[in-house]
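K.L.:
Take any residue in the sequence shown, count from 1 to its spot, add 145: that is its number in the numbering used here. Virtual Cβ for every residue (Gly too), placed ideally from N, Cα, C. Quick one: the structure is below, and I'll ask about it shortly.
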Amino acid sequence: MKARFWASLACLSGLALVLVSCGKKEETAENAPAGQPAATPIDMSTVGSVSGAVKLEGPAPKPKKINMGADQFCASVHPGGGATEEVVTDASGDLANVIVYVKEGLGNRTFDAPKTPVELDQKGCMYSPHIVTLMAGQTFDVKNADQTTHNIHPVPKNNREWNKSQAPGAPDISDTFAREEVAIPVQCQVHPWMKSYIAVFKHPYFAVTGANGSFDIKNLPPGTYTLEAWHEKFGVSDQTVTIGAKEAKTVTFSFKPATGGD
């Protein structure tokens with residue numbers, strides 16, 4: 146009888162130990178933070194690049210005039226009114242503010258986000274720069290150089306939406322975006338003419354065309370890639386490019402304004 150009692154007690158103790166141990170394992174697995182995958186090593190001795198230009202074929206739409214009279218400070222900075230940055234081009238058709246990036250071809254490679262923040266300033270009652278590009282997880286800092294209150298309101302489809310005001314002299318607003326998205330419209334409820342776009346990537350292979358319409362994407366591993374050019378008014382254009390070891394390729398994208406040019 147005693148032997149049976151001690152055998153039962155030992156069995157119950159063992160079962161309790163197993164249950165406690167299992168419970169600890171489940172708790173650890175459930176509460177452990179998800180590990181960030183290590184960045185994929187890139188052989189820098191073989192990397193190439195792709196550069197080029199973006200052109201507008203045809204007459205550019207006329208910039209839309211902005212009446213800033215509702216804000217005394219904004220009106221003082223732009224006495225004759227401002228103009229939108231929706232289409233910025235020159236007499237040669239060089240198109241600025243186009244995002245060019247690798248859309249496909251990187252496979253399962255992973256990349257670390259830079260430690261240096263990317264900045265968006267509110268200057269002269271306009272967002273500067275008009276196009277912001279950064280990697281997922283990279284710090285995004287918003288500044289206010291104006292003597293008037295602004296607010297920044299990103300309206301994403303694939304990231305968290307937020308809306309924050311910023312008074313003159315207020316500290317920077319810092320945030321991050323977790324997922325890739327091209328591109329997130331940015332609004333200001335105080336000054337409805339203020340518009341910008343934020344493009345978020347999971348890799349570092351992107352660029353924004355300058356005033357001369359040019360772009361340059363460096364340090365690409367050899368491979369075949371789909372490049373996409375994105376413009377807020379003219380949409381997207383894709384091209385496929387194959388880059389060999391240490392090879393520099395050149396491509397040209399072109400957009401056509403809609404009939405009527407408005």
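#1: For Y342, which residues does DSSP report across the bridge?
#2: Do D361 and L372 count as a contact pair if the criterion is CB distance below 8 Å?
#3: I believe F256 touches H348 by the beta-carbon criterion, under 8 Å. Please report the beta-carbon distance rounded to the nearest angstrom.
#4: In the DSSP output, which residue or residues are listed as bridge partners for D361?
#5: To the nearest angstrom, how far is it from the Cα of N357 to the Cα of S190?
#6: Work out the CA separation of G250 and G197 for me, nearest whole Å.
#7: Using the three-state DSSP reduction, which class does Q126 fall into: helix, strand or coil?
#8: Find the nearest neighbour of A184 within the set P262, T369, N253, judged by alpha-carbon distance.
#9: How far does the beta strand (DSSP E) with F285 in it extend, from its first residue to its last?
#10: Work out the CA separation of A315 and E202 for me, nearest whole Å.
#11: Among residues of its own chain, excluding the 5 on either side of P182, which ones have a beta-carbon nearer than 8 Å to its beta-carbon?
#12: Three-state secondary structure (DSSP) at V222?
#13: Could you tell me whether the region 261-278 touches the region 204-219, where touching means 3 or more Cβ pairs closer than 8 Å?
#14: So the candidates are S319, V396, H376, I187; which of them puts its Cα closest to the Cα of P330?
#15: Can you tell which of K309, V192, T397, F379 has the C-alpha that lies nearest to the C-alpha of T385?
#16: Pull up the distance between the alpha-carbon of P262 and that of S399, whole angstroms please.
#17: How long is the line joining the alpha carbons of A403 and A236, rounded to whole angstroms?
#18: Can you give me the C-alpha to C-alpha distance between E306 and G282, rounded to a whole angstrom?
#19: Based on DSSP bridge pairs, tell me the residues matched to F351.
P.N.:
The structure says:
#1: Answer is I276, P330, bridged to Y342.
#2: no
#3: 5 Å
#4: S196
#5: 30 Å
#6: 19 Å
#7: Absent from the model: residue 126. The displayed extent of the chain is 146 to 407, so no value can be given.
#8: N253
#9: 285-289
#10: 43 Å
#11: Only T255 meet the Cβ criterion.
#12: helix
#13: yes
#14: Nearest Cα to P330 within the set S319, V396, H376, I187: H376.
#15: T397
#16: 31 Å
#17: So the two alpha carbons sit approximately 18 Å from each other.
#18: When rounded, the distance between both Cα atoms is 15 Å.
#19: Y246
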